[in-house]
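Note sheet for the following structure.
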Amino acid sequence: MKNFDRANLARVLEEGIQEMGLDVTPAQQGQLMDYLALMFKWNSVYNLTSLRDPQQMVTHHLLDSLAAVPAFEAAVNVLDVGSGGGLPGIVLAIVRPDMKVSMIDTVHKKTAFLTQVKAELGLANVTVYTMRVEQLQVEDKFDVITSRAFADLSDFVNWSSHLLAEGGRYIALKGVAPKDEQERLPDTWRVAKVEPLQVPRLGAERHLVFIGRHQD
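Numbering-wise (the numbering used here), the sequence shown opens with residue 44 and increments by one.
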């Protein structure tokens, strides 16, 4: 297992944040590092991510999720579906303490980790659910539903559309822009736009896919 060199990892994180021009306070960067340290620690037992190198975890997890933050600028109440180890949900909750972030996963050990992160980082804006998203019912519906490498876009929408508020939208974090997935979307939904993301130090394609209801 690689060593967790916090000072070096924090420098990589800070440089990436500056390169993307994001407004992340030193305190929030500290929380992001605390989160990464917890993920690194729990990962050896709980297998939260296939990545074992903390340097890769900074780029592939933290910076990758941070690159999507500007897309959530107007969001108030967000659901992260299939949140796993908390990406992008925990990252969003840290840098947007004014925004409510709910995370749902079917795997108990992953939601136990998310609950621990919430407690240790004092994230009062976080709610964690352990269940299938199709079974979730909420009074206060979500203006944005997001996921990161969760499922085919059509399944993502079909399973969770009962939770989306009127006028709400989906923001899916994807690798390659999935043309075939876009074509399989149900008739009542359409891809509003596909936005490429530039993630520092990550030599791979990343895209945001914005989906909304067809307007009559």
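Just so you know, even glycine gets a beta-carbon here, dropped at the ideal spot from N, CA and C.
Here D183 has N120 as same chain residues with Cβ atoms under 7 Å from its own Cβ, once five neighbours each way along the sequence are excluded.
Just so you know, the alpha carbons of K161 and V169 end up roughly 7 Å apart. Per DSSP, F47 lies in no alpha helix (DSSP H) and is assigned neither H nor E. Here V242 has L106, D107, A110 and R249 as same chain residues with Cβ atoms under 6 Å from its own Cβ, once five neighbours each way along the sequence are excluded. In the DSSP assignment, K152 falls within the alpha helix (DSSP H) that extends over H151 to L164.
Secondary structure note for D77: it is in no beta strand (DSSP E), and the uninterrupted alpha helix (DSSP H) holding it is P69 to Y89. By the Cβ-count criterion, M174 is exposed, with fewer than 16 other Cβ atoms from all chains shown falling within 10 Å of its own Cβ. In this structure, the CA atom of P131 is about 12 Å from the CA atom of L75. Under the three-state reduction of DSSP output, S145 falls in the strand class.
In the three-state DSSP reduction, A194 falls in the coil class, being neither helix nor strand.
Under DSSP, N168 takes part in no beta bridge, so it has no partner. D186 sits close to A118, with the two beta carbons spaced by under 7 Å. E116 sits in coil when the DSSP states are folded into three classes, being neither helix nor strand. Rounded to whole angstroms, L79 and G73 show a C-alpha spacing of 10 Å.
Secondary structure of A235 (DSSP, three-state): strand. DSSP places T92 in the coil class of the three-state scheme, outside both helix and strand.
For L216, the enclosing beta strand (DSSP E) covers residues L207 to K217. Put simply, the backbone Cα of I137 is about 17 Å away from that of M100. Counting along the chain, the unbroken alpha helix (DSSP H) around G132 starts and ends at G132 to V138. The beta carbon of G128 lies closer than 7 Å to those of M82, L91, T92, K153 and F156 in the same chain, with the five residues before and after it left out. CA-CA distance, I214 to V88, rounds to 31 Å.
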